[in-house]
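So the structure is just underneath, and the comments pick up after that.
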Amino acid sequence: DATGSLSSSQLSYQKNLEQYYKRKIQSMLGNALGPDKAIVRVTADIDFDRIDFSEERYDPDTVAIRSEQKILETVSAPAAGGIPGIKGGLADKLQGNLEQKQAGKLKQKKKDITNYEITRSERHVNGSIGKLKRLSVGVLVDGTYSQDKAGKEVYTPRNAEELKKLQQIVRAAIGFNEDRGDEISIVNMAFNSPAAEEKSISTIMDTGMRFAKPFSNLILAVLFIFLVIRPLLNRFILKPEPGRSENKLALEGEGEAGALEGQEVPGLEAPPPFQPLPNAHDELRELASDYPERAAALVKIWLREKQDSEGEDLASA
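Printed below as a string of structure tokens:
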């Protein structure tokens, strides 16, 4: 799991970047489709490794002249010394003809030296931390709704042309980069279909009844105590008969201290005379006659609880 290997600061940076792109897409789709018509999720793949490197490149197709040298040499014929054994005017004439021939035999030597160098480039790169490697975007869009002649809501999905335009909007919002490997997925689905709403309501009611059943049993127990048990206890409690309490109590004892008979002991009352407890069936019958509505409500609740428990037993069987 790449997320588990990130530190808290790196994870916070990733979440903030994902929320940034999500808000941009949500804002543009909200203006195009209307509020609450699109659900956007963005996942950013970020490289938090820092890589520093140096690079040298040689391009054989591109050469540059490093140095160039040109040499030009001229070689002339040796000087004429005359023809041995010939003197006078004939010698001068022959000497002139010889110089003229040798003048046409001058030599020139030309040399060009050029040194080339292959193009070489050097680059030092300091890698940045938190480089965005790839973006993955998932968009769920709602369709359109209309009413038929009966007034019933009818859902109409979006066509391929509309989905293509929405994809172009998302591409522009995130700055889509194919070389980076960005991905966009747009799916059309009904958000407010009647069947989905009925299923949602039914699920909520079932969940509420499942969690409320223990509390309903507790409430029934409390009502039973206050409406049945408490009135019975109030009737069973024996009240002392009104009258003047006797403050005199004869105490008898043996020993050296002698008898205390006839002395007054303040603060003590004589116990009331014993009365037999009433019959429980008669008491319940009298309570039902005094409170008929409460008794009927309790009977209905007990019957409903019994039916529910029997239904659960059959379902479990």
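If you number the sequence shown the way our numbering does, the last residue is 329 and the count never jumps.
Every residue, glycine too, gets a C-beta built ideally from N, C-alpha and C.
Notebook entry, point to check: How big is the Cα-Cα spacing for glutamate 173 and glutamine 180?
Noted result: Residue 173 sits at position 161 when you count from the first residue of the sequence shown. Residue 180 sits at position 168 when you count from the first residue of the sequence shown. Their Cα atoms are separated by approximately 11 Å.
Notebook entry, point to check: How is alanine 233 classed by DSSP in three states: helix, strand or coil?
Noted result: In the sequence shown, counting from the first residue as 1, residue 233 sits at position 221. In the structure shown, alanine 233 sits in a helix (DSSP, three-state: H, G or I).
Note to self: By the three-class DSSP mapping on this structure, what secondary structure does leucine 41 have?
What the structure shows: Locating residue 41 in the sequence shown gives position 29, counting from the first residue. The answer is helix: DSSP assigns leucine 41 an H, G or I state.
Check: Does the count of Cβ pairs from the stretch 72–83 and the stretch 159–177 closer than 8 Å reach three?
Finding: no
Notebook entry, point to check: Just to confirm, are alanine 50 and leucine 175 a CB contact at a threshold of 8 Å?
Noted result: Position 38 of the sequence shown, counted from the first residue, corresponds to residue 50. Position 163 of the sequence shown, counted from the first residue, corresponds to residue 175. No, these two residues do not count as a Cβ contact at 8 Å.
Check: Is any beta-carbon of chain C found at less than 8 Å from that of aspartate 154?
Finding: Given the protein chain composition of this structure (a single chain), no chain C is represented.
Next item on the list: Between the Cα of serine 197 and those of Gly187, Asp61, Val182, Ala233, spot the shortest distance and give me the residue it belongs to.
Entry: Residue 197 sits at position 185 when you count from the first residue of the sequence shown. Measuring from the Cα of serine 197, the nearest candidate turns out to be Val182.
Checklist line | Start and end residues, beta strand (DSSP E) containing valine 151 | finding: Residue numbering aside, residue 151 sits at position 139 when the sequence shown is read from its first letter. 143–153 is the extent of the beta strand (DSSP E) around valine 151.
Next item on the list: Quick one: grab the DSSP three-state call for lysine 312.
Entry: Taking the sequence shown and counting its residues from 1, one reaches residue 312 at position 300. Reduced to three states, the DSSP call for lysine 312 is helix.
Next item on the list: Quick one: residues in its chain with C-beta nearer than 6 Å to the C-beta of phenylalanine 188, no 5 flanking neighbours on either side, listed in chain order?
Entry: Taking the sequence shown and counting its residues from 1, the one referred to as residue 188 is at position 176. Closer than 6 Å at Cβ, skipping near neighbours: Asp194.
Notebook entry, point to check: Among Leu84, Leu144, Lys122, which has the Cα closest to the Cα of glutamine 26?
Noted result: One-based indexing of the sequence shown puts residue 26 at position 14. Minimum Cα distance to glutamine 26 is reached at Leu144.
Item checked: Sequence-distant residues of the same chain with beta carbon closer than 6 Å to serine 79, five excluded per side -> On the sequence shown, position 67 is the one that residue 79 refers to. Result list for serine 79: Asn127, in chain order.
Checklist line | Limits of the unbroken alpha helix (DSSP H) element including alanine 56 | finding: Start at 1 with the first residue of the sequence shown, and residue 56 comes out as number 44. No alpha helix (DSSP H) holds alanine 56; the beta strand (DSSP E) holding it covers 50–59.
Check: If you count every other CB in all the chains shown that lies within 10 Å of the CB of aspartate 154, and 16 or more means buried, which is it?
Finding: Position 142 of the sequence shown, counted from the start, is the residue given in the question as residue 154. Per the 10 Å Cβ criterion, buried.
Checklist line | Per-residue burial, alanine 308 [other beta carbons within 10 Å of its own, 16 or more giving buried] | finding: Your numbering for residue 308 matches position 296 in the sequence shown. Under this definition alanine 308 is an exposed residue.
Checklist line | Test item: CB-CB of glutamine 159 and valine 149 under 8 Å | finding: In the sequence shown, the residue the question calls residue 159 occupies position 147. In the sequence shown, the residue the question calls residue 149 occupies position 137. Cβ distance not < 8 Å, so glutamine 159 and valine 149 don't count as in contact.
Next item on the list: Compute the Euclidean distance between the alpha carbons of aspartate 57 and tyrosine 157, then round it to the nearest angstrom.
Entry: Numbered from 1 along the sequence shown, position 45 holds the residue referred to as residue 57. Numbered from 1 along the sequence shown, position 145 holds the residue referred to as residue 157. Each residue's Cα considered, the two are about 37 Å apart.
Next item on the list: Tell whether a beta-carbon distance below 8 Å holds between glutamate 134 and alanine 76.
Entry: Your numbering for residue 134 matches position 122 in the sequence shown. Your numbering for residue 76 matches position 64 in the sequence shown. No, the Cβ-Cβ distance between glutamate 134 and alanine 76 is not below 8 Å.
Item checked: leucine 239 beta carbon less than 8 Å from that of arginine 316 -> Locating residue 316 in the sequence shown gives position 304, counting from the first residue. Locating residue 239 in the sequence shown gives position 227, counting from the first residue. Cβ distance not < 8 Å, so arginine 316 and leucine 239 don't count as in contact.
Item checked: Neighbourhood of alanine 202 by C-beta distance below 8 Å, restricted to the same chain and skipping five residues each side -> As a working mapping, residue 202 is identified with position 190 in the sequence shown. The beta carbon of alanine 202 lies closer than 8 Å to those of Asp154, Gly155, Tyr167, Pro169, Ala208 in the same chain, with the five residues before and after it left out.
Notebook entry, point to check: With respect to the alpha helix (DSSP H) encompassing valine 182, which residues constitute its N-terminal and C-terminal limits?
Noted result: Working through the sequence shown from its first residue, we reach residue 182 at position 170. Note, valine 182: alpha helix (DSSP H), 172–186.
Checklist line | For valine 199, the residue or residues it bridges with in DSSP | finding: Walking along the sequence shown from the start, residue 199 turns up at place 187. Partner(s): Leu152.
Notebook entry, point to check: The beta strand (DSSP E) with valine 166 in it runs from where to where?
Noted result: On the sequence shown, position 154 is the one that residue 166 refers to. Residues 165–168.
Checklist line | Cβ pair valine 5, glutamate 30 closer than 8 Å | finding: No answer is possible for residue 5: it lies beyond the span of the chain, which begins at 13 and ends at 329.
Margin query: Beta-carbon within less than 6 Å of histidine 136's beta-carbon, same chain only, minus the 5 sequence neighbours each way: which residues are those?
Written below: Taking the first residue of the sequence shown as position 1, residue 136 is located at position 124. So the qualifying residues of the chain are Ser66.
Checklist line | Alpha-carbon to alpha-carbon, serine 39 and glycine 46 | finding: The residue labelled residue 46 in the question sits at position 34 within the sequence shown. The residue labelled residue 39 in the question sits at position 27 within the sequence shown. The alpha-carbon atoms of glycine 46 and serine 39 are separated by roughly 10 Å.
Check: Are leucine 178 and leucine 41 closer than 8 Å when you measure CB to CB?
Finding: In the sequence shown, the residue the question calls residue 178 occupies position 166. In the sequence shown, the residue the question calls residue 41 occupies position 29. Contact flag set, yes.
Notebook entry, point to check: To the nearest angstrom, how far is it from the Cα of asparagine 43 to the Cα of asparagine 204?
Noted result: Translated into the one-based positions of the sequence shown, residue 43 becomes position 31. Translated into the one-based positions of the sequence shown, residue 204 becomes position 192. Taking the straight line joining both Cα atoms gives about 20 Å.
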